[in-house]
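**Q**
Below, the structure written as structure tokens:
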């Protein structure tokens, strides 16, 4: 147990404490005499409401943040994004036996993404006296009527076990604290799970770290809810609130969709004044009240902007304290007591799973279905039908999860894109393709069946996949309102075995405030030309072995404090090699607003290629955008001048490329369109509207052209 997780440094007359382990107990025995004696003592202590300890009342101040975040993407591996942040200042009052009053004297907020969220009133304040005997959260809409484990009603409802002992050393005194695990005797009832930290001598609560059983949640959209309450020793006698943290996570119940809402509340309580003989009339009315708006706005804050003062780990996938509570909770009860029961649900990885448009399918309509069979096994399937190509596609899989490892068995008849990086969001691409004949997808058809396994090592995800595949080239079937489509990649018709190893490192905070995201992969395919349509310059396709490796690294670092901007870089490298021939679909394709701005889509092709982009993002004044109840954007935009250098090594004429259509004599080879070399470009991007809309103007400086593009933020691509 880390000492810093129990107490934080106190200031002034608040005593500074340091925990040192007094030894871990050898065996965790439930409901032994020592554990039951201690929790009964703690229960009696709470029932007396500290009346015999000399504590009549107190007042204090509390400073906290209430943050609403959204997490996007399959598996929710990327850090959540701050949607709205509120900073609050409170005056806190308490009087024996159990009167509580909190007055909000300062409040300010900032909205970074459109939202109309309204917090429950009890989220705007702190928890006094370590919860009452009956626990309620969210004004009784989230958690209601859960018996406190240290109450007359709770004692027979829970099991207790002393798990560890800790020693607090202060000048002239040693305080012994026991960590007591608590679990429900019936985990199908509304109950808490977690750990209590109790002063061994008098039973006072030093710390509580709790979660709740699934039966305790009244809101079906709740995934989980965690609470950490830490107390500090005030005046060497009283354990009173010092630090508190709450995390609430929600997602839809009827739809398996990669978006999650998170509420995080963090509070620091200080400046205690003991036994001030507060008048009883102070506690009349609601427990939490708010000062007039003019007083809230006049409150002095230590930082000019909320975002400059937010805790540095506010965007962590799971905060350290909450993660420890999660681990403790899962070790104490069955998974079924925590997991939300779900039967069949509509499933989609993004809006475009329901409808999309491209040059091959035209308008394609689809849907998905997912079903859990127990808490580890799930089945899922997606299908869509193209109205232009009159062909159905789909994927079905069975997934088994255990801890941080997964095993997946699948069969699919789907499109696979040759692009090294997506050049445009699927939603915007559908609109551009339908109206202007601008399709930034380059697909070929893959029929496959295989298995994959994955494991998370820290925040990094590793996956290994093996499958039997058949590849097939596709043709244009759709037409657009304006313009004409060009054919997609002339993929070689081959079949064979493919195996791939991939690493995915979601965005994480590295050294020097650097945010880093990386992916890398290596795949091998043992193929023959037995598929439908395969031609090689030297004749028909035979057996070949093709390998391909790729990597992507994105870095972003602030230029300085106070919202002065950031520097963003993206590095892309890829290479392909073959024993007897290369496959057209495995070549490296660059060109477009992401990989090579100012050059036509996939106009840079080779067997080796790379791209390096550097972008400086600077805030500039811009009219605010008012979305009514969904918030008002800041009166600024982001101007981002950028330069990109793309390197391509063209496939040598002596190297065979297997493709679906033979190259006509004397024709320009679309798979060898450029000579080897560096293709630079420069441009500028304007980002507006909650940083969600991007307008880009770029120029290719070596045989390129002027190019204008519009898209939404890449943040939203995973759900569009």
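In this note's numbering, the protein residues as written are 80 to 799. By construction, the Cβ of each residue, glycine as well, lies at the ideal position given by its N, Cα and C atoms. Since this is a predicted model, take the numbers as computed values, not measurements.
1. Give me the Cα-Cα distance between residue 521 and residue 493, rounded to the nearest whole angstrom.
2. For the candidate residues 735, 667, 255, 457, whose alpha-carbon lies nearest to that of residue 500?
3. Taking residue 164 and residue 192 to be in contact with their CB atoms under 8 Å, please state how far apart those CB atoms are, rounded to whole angstroms.
4. Taking the alpha carbon of residue 302 as the reference point, which residue from 292, 309, 311, 308 has its own alpha carbon closest?
5. Take residue 515 and list the residues in its own chain whose beta-carbon comes closer than 8 Å to its own, dropping the five residues that flank it on each side.
6. Using DSSP with H/G/I as helix, E/B as strand and the rest coil, what is residue 380?
7. Less than 8 Å between the CB atoms is what I'm expecting for residue 760 and residue 777, so what's the real figure, rounded?
8. Does DSSP put residue 359 in a helix, a strand or coil?
9. If I measure Cβ to Cβ from residue 408 and keep anything under 7 Å in the same chain, skipping five residues before and after, which residues do I get?
10. Residues in its own chain within less than 8 Å of residue 304 by CB, not counting five upstream and five downstream?
11. Look at the Cβ atom of residue 600, then the Cβ atom of residue 629, and state whether they are nearer than 7 Å.
12. Thinking C-alpha only, which one of 377, 114, 786, 496 is nearest residue 672?
13. With distances taken from CA atoms, which of 535, 357, 385, 701 is nearest residue 585?
14. Please give the ranges of any alpha helix (DSSP H) in the segment 111-180, keeping only runs that are unbroken, at least 4 residues long and fully inside the region.
15. Would you kindly check if the distance between the Cβ of residue 184 and the Cβ of residue 141 is under 7 Å?
16. Below 8 Å on the Cβ atoms is my contact criterion, and I expect residue 752 with residue 723 to pass it. Report the Cβ-Cβ distance as a whole number of Å.
17. Expressed to the nearest angstrom, what Euclidean distance is found between the alpha-carbon atoms of residue 179 and residue 125?
18. Per DSSP, which residues does residue 605 bridge with? Please list them.
19. Give me the Cβ distance between residue 459 and residue 476, rounded to the nearest whole Å; I'm assuming they're in contact under 8 Å.
20. Apart from the five residues on each side of it in sequence, which residues of its chain come closer than 7 Å, Cβ to Cβ, to residue 715?
21. Tell me which residue opens and which closes the alpha helix (DSSP H) that residue 510 is part of.
22. Output the distance between the C-alpha atoms of residue 339 and residue 157, rounded to the nearest integer angstrom.
23. With distance defined between alpha-carbon atoms, name the residue in 744, 252, 528 nearest to residue 547.
24. Put residue 226 into one of helix, strand or coil per three-state DSSP.
25. Count the other C-beta atoms from every protein chain shown that fall within 10 angstroms of the C-beta of residue 190, then say buried if there are 16 or more, exposed otherwise.
26. Could you give the residue range of the beta strand (DSSP E) that holds residue 542?
27. Would you report the Cα separation of residue 498 and residue 424, rounded to the nearest angstrom?
28. Let me know the secondary structure DSSP gives residue 617 once reduced to three states.
29. Which of helix, strand or coil does DSSP assign to residue 759?
30. Distance, Cα to Cα, residue 347 vs residue 798?
31. Write down every uninterrupted run of the beta strand (DSSP E) in the segment 651-739 whose length is 3 residues or greater and which is fully enclosed by it, in chain order.
32. What's the gap between the Cα of residue 596 and the Cα of residue 632?
33. The beta strand (DSSP E) spanning residue 338 covers which residue range?
34. Pop quiz: residue 725 and residue 674 are said to be a contact at Cβ under 8 Å. What is the actual Cβ separation, rounded to whole angstroms?
35. Under three-state DSSP, which class holds residue 329?
36. Count the other C-beta atoms from every protein chain shown that fall within 10 angstroms of the C-beta of residue 505, then say buried if there are 16 or more, exposed otherwise.
**A** A quick look at the data gives this:
1. 13 Å
2. 667
3. Going by Cβ atoms, the distance from residue 164 to residue 192 rounds to 11 Å, so no, they are not a contact pair.
4. 292
5. 559, 560, 561, 562
6. coil
7. 6 Å
8. helix
9. 272, 273, 290, 417
10. 216, 221, 222, 290, 291, 296, 325, 326, 327, 328
11. yes
12. 786
13. 535
14. 112-126
15. no
16. The Cβ separation is near 18 Å, so there is no contact.
17. 15 Å
18. 576, 624
19. 6 Å
20. 698, 699, 700, 701
21. 505-515
22. 11 Å
23. 528
24. strand
25. buried
26. 539-551
27. 32 Å
28. Any reading at residue 617 is ruled out, since the residue's pLDDT is 47, under 50, leaving its predicted position unreliable.
29. strand
30. 36 Å
31. 667-669, 683-685, 687-700, 715-728
32. 6 Å
33. 338-353
34. 7 Å
35. strand
36. buried
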